[in-house]
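Okay, structure first, notes after.
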Amino acid sequence: MIQMNPFTLLSQGWRRLSITRKFTVAFGMLLLLIVIVALTGYVALATVQRETESAIVTSTTLQRLVLTMDAGLQRARLQQRDFFLRWPNLGFAAARTTYADANKQQIIDLIELSTRLRAQMTELNESTELSKSNVDLNFYLSAAQRYGDSFEEAVALVEQLASEELLPATGQPGLQAQLAEQSAALYALLQPTADLALITQYREMQAYEKDYLVTRQRPQMQRAFNAAQPLRDAINSTDDFTSTARAETLAMLDQYLATADAILKIDVAINSHFKEFDLQAAAVDPIGVELVRLTGEEVERARQQIANTNQLAISLLIIAVVAAVLLASSIAWVLNNSITHNVIKLTAAAGALRNGDLTTRAKIDSPDELGQLAESFNTMAGQLQAAFTTLQSSEAKYRSLFEESKDAIFITTPAGKLLDMNPAGLALFGMASAEIDTFDVQDLYVNPDDRRRFRQEVEQNSAVTDFETTMQKQDGSHFDALITATLRHADDGGAVGYQGIIRDITLQKHNDHLRAENLRLGTELEVTQRLQQMILPKDEELLEVEGLEIAAYMEPADEVGGDYYDILQHNGQVKIGIGDVTGHGLESGVLMLMTQMGVRTLLTSNEIDPVNFLDVLNRTLYHNVQRMEIDKNLSLALLNYTPHKTQDGTQVGGQLRMSGQHEELIVVRQRGEIELVDTMALGFPVGLDDEIADFVSEATIELAPGDGVVLYTDGITEAENSANEQYGMERLCETIRHHWSASAEEIKRAVIDDVRNFIGLQTVFDDITLLVLKQK
Amino acid sequence: MKHLLSFVGLGLLTTLLLVSCGGKAEEIPTCNDAIGCVTIAPDQPIKISNFQSRTGPLAEVAVEGERAAQLAVEDKGDLLGHQVELLAEDSGCTPENGTTGALRVVADPQILGAIGTTCSGAAETAAKIISDAGMVMISGSNIAPALTFFAGERGAFSQPGYYRTSQNGQYSGEAAAQFAYELGMRKVATLNDGDPYTVGLTEVFALTFQELGGEIVVATTVNKEDTDMIPVLESIVGTGAEMLFFPIFRPAGDYILQQTRTMPGLEEVAVMSADGLINDLYLTDMGDAVTGMYFVAASEPQDAAYDDLTNRYTEKFGAPFTPFYGIYYDATLILLDAIESVAQKGDQGTLVIGRQAVRDHLTNLREFDGTTGKISCDHYGDCAAGSIDVMQVQDPTAGVEGLRRNVVYSFTPEK
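Residue numbers (the numbering used here), protein chains in the order written: chain A, 1 to 776; chain B, 777 to 1191.
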């Protein structure tokens, strides 16, 4: 069983309600809200009234009681003080009537007030500080009772001491009166004796007694007692008394002393009561002060309670108002969510659908009427979207084909009005899309008759395939085209136009032509290259050169290179040539072939003068270049090698005589030392000018065994790596020096490998030629 | 409307259930005590008044009494699951002080008993007030015979709720008289200050001394606040008095001694007092005048339990000035023992303690192991253990300790 929380249940219940019921419930809640606010206000005000009355009554009652008690206690004290201060002057009876009796009533009232206060305090909230002072109040009450009892005892003691009237208990007046009578009686008994010593002793004793009665200092009375002893001794010793009178006098003296002693005791007792009053006052007064303070605080607490209650009432009202606002907001929110919001959502969905957004749906999850309407709307929208999507998909497919086709696609009327043309067609004819309506298809044909033939063929066969014609672009240029088209029919079967594809075949035709031309030229170059290779000296020829170890290498940059080298022997004369025709290709290759032919011819004709040799060769080539109308010439250095032999025919080195302008000649001595021979002053580029004889001169190089020379073209020194750095003379010389102890072939291979490593994967842009000649 | 009624009914039912589930009420024992009970809730302490003379001539004794009570409560720990709270109250040293202090004590009906008073004068009135309130009062320093037993009869101030672990002055008076007589004295003058302690001691002394054959040549009273003792001393001069016995307090005790020493005719008179003047300050302040003076007081126990208490007291509060700490420690112990013995306990910790039951327990206390000895109470309220010593001052600067070492006479009461 699925557990659902109350909110979910409530939410589901609400959703199931019809709109009418929802409105009924909402307004019912509003009515309930009004009732709650009214009740809250009533309760709050009633609470304020009750709490206020209670707090005020309790606190003011307590305060009044305490203040009354305190005032009563003060009055009792004043009456007590007045009684003891005034009885000696007023007389005991008057003082008792005026002060003691009033004090007694005051104490009774005080006790009654204390009892009421204690009863009131028991009803107080136990948390108040005042209620915790119950122990103090107990003491206050018992102290008041004790004070009353003690005061009565003190008054009784004073009565014993000072009463002028006869006391019922003894039938005598107060002790002081008795003492005075006894003193007078004693004096009356002593006076007849006329014994001055007796009278003097009596006076001394009486004086101390009187001092005591004034000062109430016990030592004074003790002195009186001490003075009584010599008086007693004198009474006993005097001869002036009869035995009866002596006994009577001594008895009176004893009575006098006994009364004095009793007065002492009563004074001690009265003094004790005074002390007790003071102690009780000291103990009770702080309690009175404390009670006044606490009741004051209680009143303040009552005021605070009223303030709190008011605050509570205000808080309750605020809470009620906030709750009302929240409830009203909640109802509005619920109505908004369940009705208004749904209507808005439905309206928005319909608007979106009207504006073409077929994906829109009314998201209303409610079983009420709006929910049902939304469901119907969503179903209709879904069906509409599905149909439109199918249509869009189909249209997009064909539109994509039309827009993205590389061939020109067109639609025209039979009359020649261009209805539509795809971007490839517009680009082909150099038209803008906006210009479509203004074109007459007839103008696109170079030959108007082709248009007529096209229409005839399409209308006869309903289609035409690869109809070839020449068409005209907007800029007037022509191109060859193939048209493949079909006839467009109206619903009644009549022709309404043509649609088809136009393909530009101009480039295709040009490529076909180029391909044929390339084939022809390639054949020619291949022949020339083969000729070049064929005329290069064979390895066995190189081996036949006496006195020199020779290694040669040539690699053309294109199929046909422009570099030249040769090793020729004739009649004991060794001719070594190296040159570089400007450019590459067939023309350069032919010029190189002619140079080789010229050199061999002059050698064969025994031309040994290097100046003539180069002069004749130059003029021969110059004229051929002129005839060929090519802008070519070449650098060319020619070297004649003559070996040195001793008389016994032993070869001991050789000599090189060099002429013609080419790259610097590298002379390498046996130990690898390098010497560079500049050739700029030895000649002039061959084929550039008709007359160069004036520029030609000769240089001689002696070769010892192990010495040698290295000839090369700029394809080596100017070879570049990926960083566009040239191989250079320095690196070439270093490589040669490093390997010079090896054979000529190994030196050649080392140099070529090093150049290859240097170039890496870079393309070789120039012919590379290297000759290594090493004196044996 | 039906739904509304259902909700209201459900609310009422819930309220009833909550109330009924609020917990089972405690079964509190019934009080059958003749004079009432003190009921102490589970979270409330057991209250005892530490009712000592914080003011007055015996303030030092009072301080030691308060501390000893505190130590006893700490040693005992919680009683039946309740803390014991000592509430300090000033008993003063006079009947008037006793009255006021006692009224304060009885104002709190939760108090079970009071440890005090320090002075017999205060006890004269306080014992009645406290006893009338149903409480008990146990003193460790009251000496006045009239508070319990005097001259073979119940004392004038005896109260059913009053007990003491201090020695009855009856025995001190007897010891002092016997010592005086054995010392060769035949004529003695006594002075009291009207306080029941001094009156009681001097009266017992006089009765005993006269029974032995001696003569009381002067028996008079001074006021506590008197400073001029010349007249009363003059009354002694010429009476042939060989000893002056004045078991009273300071400051009157100061004036009597000083003025006796300078009074012509009394130069050779021996002087003797009692517990009320046994303290270091008196011995120090009197200087040479106190040399040779006799004091009668309860003897100091000499056993391991007492030594242990002395050590713990000294460790906690410093060295004691008087021997009363042990007596007050025992006074507190027997009260705690009585409460513990008679208390009825509810099933949730509430204590119901009968006031008469506490008294009965104390009255019937026998051979209780106290630090001052085996404590047994009689039906007058006397519970003291031990004997009485008469000591003589040889060197005032040696203080009470020096005095205690110079015991010249010992007396064991026959109870």
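For each residue, glycine too, the CB sits at the ideal point set by N, CA and C.
Being a predicted model, the structure only gives us computed values, none of them experimental.
Practice task
Identify, in the order they occur along the chain, each residue of the same chain with its Cβ nearer than 7 angstroms to the Cβ of G1014 (chain B), setting aside the five sequence neighbours on each side.
Solution key: Cβ contact annotation for G1014 (chain B) (same chain, cutoff 7 angstroms, sequence separation greater than five): G1041, in chain order.
Handout entry: Residues near V590 (chain A) in its chain [Cβ-Cβ closer than 7 angstroms; skip 5 each side]
Key = Excluding sequence neighbours, V590 (chain A) sits near T528.
Problem - Any chain B beta carbon closer than 8 angstroms to F151 (chain A) - result: Interface with chain B (8 angstroms Cβ-Cβ cutoff): F151 (chain A) is excluded.
Practice task
Could you list which residues in chain B have their beta carbon closer than 9 angstroms to that of K275 (chain A), in chain order?
Solution key: Around K275 (chain A), the beta-carbon contacts reaching into chain B at under 9 angstroms are T870, P871, E872 and N873.
Problem - Reference E459 (chain A); option with closest CA among A:Q472, A:L428 and A:G493 - result: Here the closest residue by C-alpha is A:G493.
Exercise for the section: Any chance you could list the beta strand (DSSP E) runs of at least 3 consecutive residues sitting entirely within the stretch 609-667 of chain A, in chain order? Expected result: DSSP runs (the beta strand (DSSP E)) wholly in the stretch 609-667 of chain A: 634-645 and 651-659.
Problem - Check whether I1110 (chain B) and F1144 (chain B) have beta carbons under 8 angstroms apart - result: Judged by beta-carbon spacing, F1144 (chain B) lies within the 8 angstroms limit of I1110 (chain B), meaning their Cβ atoms are closer than that value.
Handout entry: N-terminal and C-terminal residue of the alpha helix (DSSP H) that I266 (chain A) is part of
Key = That run of the alpha helix (DSSP H) goes S243 to L335.
Exercise for the section: Report buried or exposed for F388 (chain A), applying the criterion of at least 16 other Cβ atoms within 10 angstroms of its Cβ. Expected result: Burial call: exposed.
Exercise for the section: Please state if the CB of V677 (chain A) and the CB of V611 (chain A) are separated by a distance shorter than 8 angstroms. Expected result: Contact flag unset, no.
Problem - Residues of the stretch 139-166 of chain A whose Cβ lies closer than 7 angstroms to any Cβ of chain B, in chain order - result: For the stretch 139-166 of chain A, the set of residues with a beta-carbon nearer than 7 angstroms to any beta-carbon of chain B comprises F139, S142, A143 and R146, in chain order.
Problem - Boundaries of the alpha helix (DSSP H) in which N138 (chain A) is found, first to last residue - result: The continuous alpha helix (DSSP H) containing N138 (chain A) extends over residues N134 to A162.
Handout entry: Interface partners of L768 (chain B) on chain A, CB under 9 angstroms
Key = What is shown of chain B runs 777 to 1191, which leaves residue 768 (chain B) out entirely.
Exercise for the section: Check distances from the C-beta atoms of the stretch 918-938 of chain B to those of chain A and list, in chain order, the residues that come in under 7 angstroms. Expected result: The stretch 918-938 of chain B vs chain A, Cβ under 7 angstroms: nothing.
Problem - Q573 (chain A) beta carbon less than 8 angstroms from that of E544 (chain A) - result: It is not a contact, given that the beta carbons lie outside the stated cut-off.
Handout entry: Contact the stretch 596-616 of chain A vs the stretch 629-648 of chain A: 3+ CB pairs below 8 angstroms
Key = The stretch 596-616 of chain A, when compared against the stretch 629-648 of chain A, does touch it at the 8 angstroms Cβ threshold.
Practice task
Could you spell out the range, first to last residue, of the alpha helix (DSSP H) harbouring S222 (chain A)?
Solution key: Sequence inspection shows Gln at residue 222 (chain A); the Ser mentioned does not correspond to that position. Counting along the chain, the alpha helix (DSSP H) containing Q222 (chain A) begins and ends at R218 to S237.
Exercise for the section: Tell me, to the nearest whole angstrom, how far the beta carbon of Y973 (chain B) is from that of C895 (chain B); I am working on the premise that it is less than 8 angstroms. Expected result: Confirmed, Cβ separation roughly 7 angstroms.
Handout entry: Beta bridge counterpart(s) of S915 (chain B) as assigned by DSSP
Key = According to DSSP, S915 (chain B) bridges with B:R940.
Exercise for the section: Mind reading off the beta-carbon distance from L1059 (chain B) to V1176 (chain B)? Whole number of angstroms is fine, and I expect it under 8 angstroms. Expected result: L1059 (chain B) to V1176 (chain B), Cβ: 7 angstroms. Contact.
Practice task
Taking G970 (chain B) as the query, report the chain A residues whose CB atoms sit under 9 angstroms from its CB, ordered along the chain.
Solution key: Ordered by position in chain A, the residues that pass the 9 angstroms Cβ test against G970 (chain B) are K265, V268 and S272.
Practice task
Name, going along the chain, the residues of the stretch 218-251 of chain A whose beta-carbon falls closer than 7 angstroms to a beta-carbon of chain B.
Solution key: Within the stretch 218-251 of chain A, the residues whose Cβ lies closer than 7 angstroms to some Cβ of chain B are R218, P219, Q222, R223, F225 and N226, listed in chain order.
Exercise for the section: Look at the Cβ atom of M911 (chain B), then the Cβ atom of L879 (chain B), and state whether they are nearer than 8 angstroms. Expected result: Not a contact, by the Cβ cut-off of 8 angstroms.
Exercise for the section: State yes or no: is the beta carbon of D834 (chain A) nearer than 8 angstroms to at least one beta carbon in chain B? Expected result: There is no way to answer for residue 834 (chain A), as the model of chain A reaches only from 1 to 776.
Exercise for the section: Give the DSSP-derived three-state secondary structure of C1153 (chain B) in the structure shown. Expected result: Collapsing the DSSP output to three states places C1153 (chain B) in coil.
Handout entry: Among A:G728, A:L593 and A:Y498, the one whose alpha carbon lies nearest that of D420 (chain A)
Key = Of A:G728, A:L593 and A:Y498, the smallest CA-CA separation from D420 (chain A) is found for A:Y498.
Exercise for the section: Express the C-alpha separation of N342 (chain A) and L786 (chain B) in angstroms, rounding to a whole number. Expected result: Legend: pLDDT at L786 (chain B) = 43, less than 50; position of this residue unreliable, value from coordinates given subsequently. Each residue's alpha carbon lies about 39 angstroms from the other.
Exercise for the section: With a 10 Å radius around its C-beta and 16 neighbouring C-beta atoms as the bar for buried, classify T97 (chain A) as buried or exposed. Expected result: Burial call: exposed.
Practice task
Pull out every residue of the stretch 184-213 of chain A whose Cβ sits closer than 9 angstroms to any Cβ of chain B, in chain order.
Solution key: Within the stretch 184-213 of chain A, Y208 place their CB atoms closer than 9 angstroms to a CB of chain B, listed in sequence order.
Practice task
Name the one or two DSSP bridge partners that H570 (chain A) has.
Solution key: DSSP output for H570 (chain A) lists A:Q573 as bridge partner(s).
Exercise for the section: Starting from S1186 (chain B), follow its DSSP beta bridges and name the residues at the other end. Expected result: For S1186 (chain B), the beta-bridge partners assigned by DSSP are B:D1165.
Handout entry: Sub-8 angstroms separation of I1054 (chain B) and A1073 (chain B) beta-carbons
Key = Yes. Within cutoff.
Problem - Proximity test, Cβ basis, 8 angstroms: E1143 (chain B) and chain A - result: Chain A contact via Cβ: absent.
Handout entry: Neighbour flag for Q182 (chain A) against chain B, beta carbons, 8 angstroms
Key = By this cut-off, Q182 (chain A) is not an interface position.
Handout entry: Near the ligand HEM: L78 (chain A) beta-carbon under 7 angstroms from a heavy atom
Key = Ligands in the displayed structure: none, and consequently the ligand HEM is not present.
Practice task
Would you kindly check if the distance between the Cβ of D566 (chain A) and the Cβ of G577 (chain A) is under 8 angstroms?
Solution key: Yes; because the gap between Cβ atoms is below 8 angstroms, this pair is in contact.
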